[in-house]
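Structure first, commentary second.
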Amino acid sequence: MVLPKVAVVGSCTSRDAFNRRFAPQYKEKVELVETIYQSSLLSLARESPIIEKMPSMIQPKFHEVISREFSGKNLGRLALAAADVIIIDLFADIHFGVTRLNNACVTRNHMAFCHPSQADMYFSDEKLLPPHRMRYEAKHNNYYRELAITSIKRILAEIYSNNNPLIILNSARMSYTYRTANDSYQVFPKIERLKWKNNNWDELDDVFQENVQCARIEYPRELLVGDEQHPWGKHPVHYRQNFYSFFWDSLDTILRGS
């Protein structure tokens, strides 16, 4: 049996579903041909390299992520993968946003650094405003919206030049609560900020769907629960196992109907 070739463009919300800790049999269902991790739409669409030294303060596990981010080759690699299915989430546009290096947009991935303050030092943009430093903000940041739409069109043109994949928007959201090690439930700190980010995410997902013919996976709120015992640690997008099971059930349904 020929397995569908799948590419993942996104964050932990999508990439973790293709880890055998959460989906032990996923390699029996699909062939994973490309993964682009934590890249904003604006940076993914950029095909010119960033001529800057790699930051020395990034965590070793992020070296390849940042190297690829700076290379400008992510979009070309995605197109050449000729995937049958591309699964994308927009976490990076909501959580990180972008800053400018060499007058070009780069995902402002503060999680790659050992401490967020080191990202401020490296990018030297702590007090800068749009269009230099920005992320998608619902109802306000029209500049980011227009750049996102332009980026989407550029990404689609490159992808469709090689193939005609099924695109699936993975509409995950920030969790407001998490399960503790003793199986109780606690509220994440700064819950109002998480709600604000989810509102931004709602709107940007709708912008994406307005501009892309795509399927969409949406989750019941009760599945959006973090897990203190998640292998990568406690975080609003590190979920309990039932989130990943729902993802695979939804993906199976979409693929059977395509």
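Sequential numbering of the sequence shown, starting at 0, is according to numbering that gives the first Met the number 0.
Think of the CB as a built atom: it goes at the ideal place given N, C-alpha and C, for glycine as much as any other residue.
In this text the structure is predicted, and so the values were computed from the model without any measurement.
Bridge partners for residue i per DSSP, in chain order?
i	result
PHE90	DSSP lists no partner for PHE90.
ASN163	Partner(s): none; ASN163 has no beta bridge.
LYS4	GLU30
PHE112	ILE57
GLY232	Beta-bridge pairing links GLY232 to no other residue.
ASN169	ILE216
TYR243	According to DSSP, which records beta bridges pairwise, TYR243 is partnered with nothing at all.
Given a threshold of 16 other Cβ atoms within 10 Å of its Cβ, counted over all protein chains shown, does residue i qualify as buried or as exposed?
i	result
VAL7	buried
HIS62	exposed
PRO48	exposed
MET0	exposed
LEU128	exposed
GLY9	buried
THR252	exposed
HIS114	exposed
Quick check: what's the CA-CA separation for residue i versus residue j?
i	j	result
GLU217	ILE167	11 Å
PHE122	SER42	15 Å
ARG76	ASN181	43 Å
GLY250	LEU100	Per the sequence shown, residue 250 should be read as Leu rather than Gly. Rounded to the nearest angstrom, the two C-alpha atoms are 37 Å apart.
ILE190	GLU33	34 Å
TYR36	SER183	31 Å
LEU155	LYS28	25 Å
GLU30	LEU2	6 Å
ALA171	LEU223	8 Å
CYS213	LEU165	7 Å
VAL5	GLN185	35 Å
SER116	ARG134	18 Å
Can you tell me which of the three DSSP states residue i falls into?
i	result
PHE187	coil
LEU128	coil
SER66	helix
TYR135	coil
VAL105	strand
ARG20	coil
LEU100	strand
THR179	coil
GLY225	strand
GLY9	strand
VAL84	strand
ILE35	strand
Going by C-alpha distance, which of the options is nearest residue i?
i	options	result
ALA111	VAL206, HIS94, ASN102	HIS94
PHE207	GLY256, PRO230, THR149	THR149
GLU209	ILE35, ARG178, ILE151	ILE151
CYS104	LYS4, ASP124, HIS229	ASP124
GLN228	LEU222, ARG239, ARG220, ASP248	ARG239
SER13	PHE242, ALA118, ARG255	PHE242
GLY96	HIS131, PHE21, ASN161, PRO59	HIS131
ASN18	PHE246, SER257, ARG255	PHE246
Hey, would you say the C-beta of residue i is under 7 Å away from at least one heavy atom of the ligand HEM?
i	result
CYS104	Here there are no bound small molecules, and the ligand HEM is not part of this structure.
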